[in-house]
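Notes follow once the structure below has been shown.
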Amino acid sequence: MSKHTMNVDEANDCTDNVDDRNESLLDMDPTVQMCFESMIEARTFYTNYAIRCGFVVRTRTSKKDKDNNVYYLRLVCSREGKYVSSVKPVVKTLPSQTNQCPAEITIAKKDDKCFIRTVVLDHNHDLCPNNSNLFAANRKLSMQEKHTLEVNHDAGVRLNKSFLSIVNDAGGYENMDFVERDARNYIVQHRRSLCKDGDGQTLLRYFSSMKDTNNEFFYDITLDEGNKICSVFWADARSRAACEEFGDVVSFDTTYLTNKYDMPFAPFVGVNHHGHSILLGCGLLSSEDTDSFVWLFQCWLRCMRNKSPEGIITDQCRAMANAIEQVFPNTRHRWCLWHILKKFPEKFHDYRNNAAIKSELHALIYDCGCPTEFKKGWEELLTKHGIQENEWLCNLYQERHKWVPCYLKNKFWAGMSTTQISEGINAFFDGFINSTTTLQQFVVQYDNAVRVKAQKEIEADFSSMNTTIACGSQSPIERQFQVQYTHAKFEEVQTEFRSRMNCFIKDTLKDDLWNTYTIKEERMWEGNPLPDKFYKVQFDPLTQSTTCSCQLFQFRGIICRHSLLVFGQEDVYSVPSEYILRRWSKNIRRRHTLITTSYSTSSNDPRMQRYKMLCKRFYEIAEVACESEVATSELEKEIHCLGQKFGFSSSMTNNIISHAGQLRYDTGACTSIPHTPVGTSDVVVHSPATVKRKGRPRTNRLKSTVEKRTQRRKSASGRKTSTPPTLHMETRACNVSERDDHVQFHADSIQLSQDTEMGHLGFMSLLLAVHNNFDNIS
């Protein structure tokens with residue numbers, strides 16, 4: 001180890017010859033007599049030297065004068081010093097960085113110049129010049145990288161994927177200035193900064209900013225006596241406009257758990273002209289009682305300008321039913337058939353003939369054409385299997401008009417019979433919404449869902465207007481629907497045209513008013529014949545309209561195969577306009593489509609590469625300039641001059657703003673915070689209390705017995721591929737038949753972490769091994 005020092009005369013020579021020092025300090029090693037303009041410059045030089053050599057600098061000693069200016073500085077290697085454990089005896093502790101490394105320099109100040117007094121360059125450990133970027137002191141995130149992480153986080157991109165995108169953009173890990181842990185820490189810091197005033201106040205501020213951006217944005221919040229949030233409702237401008245077209249039938253569901261307060265997520269979901277689910281508002285509730293649902297439904301009613309839905313689909317919650325009767329007295333209310341059918345395995349697993357009961361119940365529910373037929377079949381089924389005293393079935397039968405299709409198909413439901421539309425919306429949040437998600441984060445993700453749905457609708461509109469699905473027949477009626485309907489709905493009509501070949505006229509009865517046809521339909525399922533179905537079709541020769549007993553048109557708004565057969569028999573070449581529903585038309589300019597969200601796309605073409613290169617330079621310049629107002633002002637002037645040089649005109653921006661202003665509709669949206677003065681400055685809103693949900697705690701959403709069994713079967717299958725044959729476990733599989741227009745059971749996949757999966761697997765393997773050993777001993 002060598003140590004160099006300097007005397008006072010050498011220091012004087014240093015200050016006298018400071019202007020002659022080597023300008024290329026970045027390539028030099030620290031030496032005695034090396035002079036600098038300031039302590040900051042000296043420290044920066046030694047830090048850069050450390051990065052080049054592969055170690056980290058730490059300030060060991062500093063001295064200040066009476067004016068609080070540093071006049072002495074001792075910089076050492078980060079591995080200087082000796083670690084002393086505070087735990088006796090020493091047990092397993094975290095890795096220690098200290099190694100009593102002697103490398104150091106001391107810097108002194110004289111006559112407003114700084115010079116190096118002593119230098120020790122030798123280290124007692126290996127250096128890492130190729131991995132200097134892994135030292136914590138050398139890791140940093142640029143403003144561009146912070147912006148990328150924030151944008152991806154708000155868009156719901158997982159952090160590991162977001163980090164990999166930055167790595168790929170940088171050209172590899174060796175070009176990175178930070179590691180994934182730094183990115184994760186920054187996101188945590190960013191989330192905390194967003195909620196520094198509390199989650200409730202942050203949510204209110206976010207809603208207020210959305211309201212300022214577009215006056216059509218609607219929100220309402222209720223507070224308790226302590227100004228804690230009880231319930232929240234909001235709807236964006238596009239959702240409010242879309243409700244004018246598609247708010248006739250609404251699905252409402254609260255079985256999804258989405259935030260750190262266990263507040264149920266309650267979306268209002270409809271179906272657009274493509275058959276896609278659309279969001280028509282959303283609520284977060286503190287409790288699932290009648291009063292909470294009444295408040296939420298009243299908010300939705302005010303938001304949608306007092307236009308009640310014609311039909312609403314919910315689960316069997318009694319509190320919901322009470323609220324619907326109170327707020328929507330003229331609205332048809334039906335239960336979600338999927339929620340009922342998924343309970344069959346749970347309700348009948350104790351019966352020896354449970355498979356036959358479930359199969360016959362499915363056939364009875366879907367195959368009955370009228371209430372009389374259903375009533376007769378129900379009584380026969382209960383008597384056959386001896387389940388007349390089953391309380392659950394008896395209660396279901398008393399409310400049969402709310403869930404059995406033959407009682408409901410005479411009214412329009414837009415093709416919806418279950419709240420699986422809502423389940424699909426819930427699936428959008430899976431993966432980046434969990435039990436620690438704040439209210440503000442959840443609202444941002446909800447806005448992302450609205451944007452995704454809006455973009456899919458725009459793309460479907462574009463496809464329907466600019467492409468054509470060829471007709472499958474020579475029928476002018478099919479051509480009539482081809483011109484009018486969106487692709488998705490025209491494909492449904494084509495399905496009826498193709499199925500027409502399975503229908504045959506068995507009988508015809510003509511009188512003065514109607515021509516009545518008896519239609520036989522042949523059916524097959526998975527290669528096996530099913531009993532023929534018979535339908536009655538009445539044809540009016542005067543108006544050329546039909547009425548079919550299948551009531552498909554009344555239920556889904558799609559003309560049925562039986563009516564198409566009769567139209568052909570009666571030589572009708574153009575159906576009346578009543579069969580061309582405005583709801584499914586592609587030729588109508590709807591108001592909500594004017595409220596658009598722009599998206600930017602990128603590609604690998606040379607123009608995009610040049611754009612990325614220029615943006616990187618702009619980010620670097622902006623990062624330096626934003627430190628002071630003077631530099632920012634100067635940079636703005638330079639950018640303005642460059643804009644004029646390259647032909648950029650401010651009138652372009654003015655035109656865009658003017659055009660966007662024409663898309664707003666001033667209808668006087670109502671915004672309030674009940675029981676508190678209106679305005680964010682008048683009241684401090686606190687985060688809500690954690691909600692106690694009905695039943696046992698759950699981690700995500702309600703699951704049926706079918707889903708739980710399917711999940712166990714998948715887990716067992718995974719264990720079979722990872723364990724010896726002697727440790728295989730048998731799993732009972734639940735086979736569910738699928739029929740045309742029947743409900744399809746499915747289990748949402750739950751993504752487990754690798755640690756959890758392996759921990760569970762290891763425990764089960766150990767348990768089975770011990771069990772086998774005891775069996776062998778016996």
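What the sequence shown shows, in full-length UniProt numbering, is residues 1 to 778, in sequence order. C-beta: ideal position from N, C-alpha, C; glycine also.
By the Cβ-count criterion, R352 is exposed, with fewer than 16 other Cβ atoms from all chains shown falling within 10 Å of its own Cβ. For T314, the secondary structure class from DSSP, reduced to helix, strand or coil, is strand.
Only exposed fits H401, as fewer than 16 other CB atoms lie within 10 angstroms of its CB. In the three-state scheme derived from DSSP, where H, G and I count as helix and E and B as strand, S208 is classed as helix. Segment contact: the stretch 564-573 against the stretch 473-490, three or more CB-CB distances shorter than 8 Å; contact assigned. Of all C-beta pairs linking the stretch 456-469 to the stretch 547-562, fewer than three are shorter than 8 Å, placing the two stretches out of contact.
Contact annotation: F534 and T547 have beta-carbon atoms that are not nearer than 8 Å. Of the candidates S473, K146, S287 and R610, the residue whose Cα lies closest to the Cα of Y573 is S473. Taking a C-beta distance under 8 Å as the contact criterion, V56 and V119 do not qualify as a contact pair. In this structure, DSSP gives N124 a state outside helix and strand, which the three-state scheme calls coil. Within the same chain, and ignoring the five residues on either side of K161 in sequence, the residues whose Cβ sits closer than 8 Å to its Cβ are N152.
Between the alpha carbons of I458 and T593 lies a distance of about 8 Å. Going by C-alpha positions, M39 is about 24 Å away from V630. A contact is defined here as three or more CB-CB pairs under 8 Å, and the stretch 579-590 fails this definition with respect to the stretch 223-239. Per DSSP, the unbroken alpha helix (DSSP H) holding Q569 starts and ends at R561 to Q569. Per DSSP, the unbroken beta strand (DSSP E) holding K110 starts and ends at E104 to K110. CA-to-CA, the gap between S78 and E634 works out to about 40 Å. Three or more beta-carbon pairs separated by less than 8 Å link the stretch 537-547 to the stretch 505-518, which places the two stretches in contact. Distance from the Cα of A266 is smallest, within the candidate group V685, H276, S277 and G283, for G283.
Its chain contains C77, R79, E80, H123, N124 and H125 as the residues whose beta carbon lies nearer than 7 Å to that of C101, once the 5 sequence neighbours on both sides are disregarded; these appear in chain order.
Taking C-beta atoms under 8 Å as the contact rule, V271 and V249 qualify, at a distance of about 7 Å. Taken in chain order, the complete alpha helix (DSSP H) segments of 4 residues or longer contained in the stretch 30-91 are 39-53.
Judged by DSSP secondary structure, A631 falls within the alpha helix (DSSP H) whose first and last residues are E629 to K645. In the structure shown, L530 falls within a strand segment according to DSSP collapsed to helix, strand and coil. Membership of H487 in the alpha helix (DSSP H) is indicated by the continuous run H487 to S499. Distance check between T98 and each of T632, K82, Q538 and E150 places K82 closest, using alpha-carbon atoms only.
Looking only at E288, P309 and N354, the smallest Cα-Cα distance to R318 is reached by E288.
Ranked by Cα distance from L280, the first of I313, F374, V269 and Y219 is V269.
When F252, N448, E104 and V157 are compared, the shortest CA-CA separation from R58 is found for E104. With fewer than 16 other beta carbons inside 10 angstroms of its own, K637 counts as exposed. Of the residues assessed, F618 falls on the exposed side of the cut-off, its CB having fewer than 16 other CB atoms within 10 angstroms. A check of alpha carbon separations from A488 across S585, L614, A622 and E346 identifies S585 as the nearest. Note on S628: under 16 other CB atoms within 10 angstroms of its CB, so exposed under the neighbour-count rule. For H273, the number of other beta carbons within 10 angstroms of its own is at least 16, and it is reported as buried. Pairing K347 with K384, the inter-Cα distance amounts to about 17 Å. For R238, the uninterrupted alpha helix (DSSP H) segment begins and ends at A237 to F246.
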